[in-house]
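Remarks on the structure that follows.
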Amino acid sequence: MTLRCVILDDYQDVAAAYADWGSLPGVETVTVGDHRQGEELVDLLAGTEIVVAMRERTPFPATLLERLPDLRLLVTTGMRNASIDLDAAAERGVTVCGTESSSTPPVELTWALIHGLTRHLLTEATGLRRGERWQQTVGVDLEGARLGLVGLGRIGSRVAAVGQAFGMDVVGWSPHLTEDRAAAAGVRLVPKDELMATSDVVSLHLVLSDSTRGIVADDDLALMKHTAFLVNTSRAGLVDTAALVDALATRRIAGAGLDVFDVEPLPPDDPFRSLPNVLATPHLGYVSEANYTRFFTQAVEDVAAWLAGEPVRVLAPTRTA
């Protein structure tokens, strides 16, 4: 019997180039380059035993899993995927496996956004291409400026190290950050309100959970300097989106660098597409040659191991018996 494997959300049409899917015996692989949802997604996955999901692009809640009776293996790139209901998958006998993921690409993109904002690269590059006035803006110096990190885990700590190399004063805060952990990264722990009020760049590096959703609210944005920038390469849900749109539209803050959004792909009429002080990228934080090689090669390994009856990198359900 031939098993059907569907690779979802292959936006760049590159999944086949990064791994040998033909090495899987008895498996027919189908790649999908556009985003599917609702009934269209259910129809697409009808009769499918194996699904490979790219990060959290396509959620798999219990309501969807219930409508996929043939699904037996769900592979996600990365070892954490908050959009998959692991408990519901376990209850339905669906094995969920992950892959390794590097923290380097999101660190690099964070700094690309910071530089793009502080040196007005979009304005200047576009103006140069269009033949507009030579030198339209004045850049913001990073040396001596304060970088405020909301979250100081694996990615936040590396962002901190780069900021220190630029001569920035780096401070940090998160709900459970301790002085010892901050000091180990060479960062000074400060209260949240102080971080928001005194930082020239605020960058978010928290995992999205019930306790961190909306952790940057309207009153936090109101504390920021009107010359300050907000950068979010983590998850859109960390920020009150309506409050951020208002802060940007009214110039209460200087700008924002965003790689994550509440709805992805971003709708054509979304204000983040048109606000002039927003530098936005289409969730590229983890999109790099090395990461894609790791993602898809290990996805093939996950499928092969499952076929052999010895699944690897299994993501356990959150509830225990």
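So for the sequence shown, the working numbering puts the first residue at 1307; every next one is plus one. Glycine residues also receive a C-beta, built at the ideal position from the N, C-alpha and C atoms.
The beta carbons of Met1360 and Asp1315 sit closer together than 8 Å. Within its own chain, the residues whose Cβ lies closer than 7 Å to the Cβ of Trp1327, once the five positions on either side in sequence are excluded, are Thr1335, Val1606, listed in chain order.
Bridge pairing for Thr1337: Ile1313 [DSSP]. In this structure, Leu1419 places its C-beta atom within 8 Å of the C-beta atom of Val1537.
Taking a C-beta distance under 8 Å as the contact criterion, Ala1523 and Arg1558 do not qualify as a contact pair. In this structure Trp1612 touches Thr1401 by the C-beta definition: roughly 6 Å separates them, less than 8 Å. Ranked by how close their Cα comes to the Cα of Thr1587, the residues Glu1438, Ala1562, Gln1604, Gly1353 have Ala1562 in first place. Restricting attention to Leu1351, Arg1464, Glu1430, Ala1596, the CA atom closest to the CA of Pro1582 is found in Glu1430. Counting along the chain, the unbroken alpha helix (DSSP H) around Ile1461 starts and ends at 1460–1471. Across the set Ala1596, Ala1396, Arg1378, the C-alpha of Arg1378 shows the shortest separation from the C-alpha of Ala1352. CA-to-CA, the gap between Asp1475 and Ala1451 works out to about 6 Å. Under the three-state reduction of DSSP output, Thr1382 falls in the strand class.
A direct Cα-to-Cα measurement between Leu1347 and Trp1479 gives close to 40 Å. Between the alpha carbons of Thr1599 and Asp1349 lies a distance of about 29 Å. In chain order, Gly1469, Met1474, Val1476, Val1507 place their CB closer than 6 Å to the CB of Leu1453, counting only its own chain and leaving out the 5 sequence neighbours on each side.
Judged by their CB atoms, Arg1541 and Gly1404 are not nearer to each other than the 8 Å cut-off. For Thr1401, the enclosing beta strand (DSSP E) starts and ends at 1401–1403. Residue Ala1396 holds the alpha-carbon nearest to the alpha-carbon of Thr1624 among Thr1382, Ala1325, Ala1396.
Put simply, of Met1530, Val1358, Gly1457 the residue whose alpha carbon is nearest the alpha carbon of Val1493 is Gly1457.
Secondary structure note for Trp1479: its beta strand (DSSP E) is the uninterrupted segment 1475–1479. Annotation: the stretch 1538–1590 contains the following complete segments of the beta strand (DSSP E) (minimum length 3 residues), in chain order: 1561–1564, 1584–1586.
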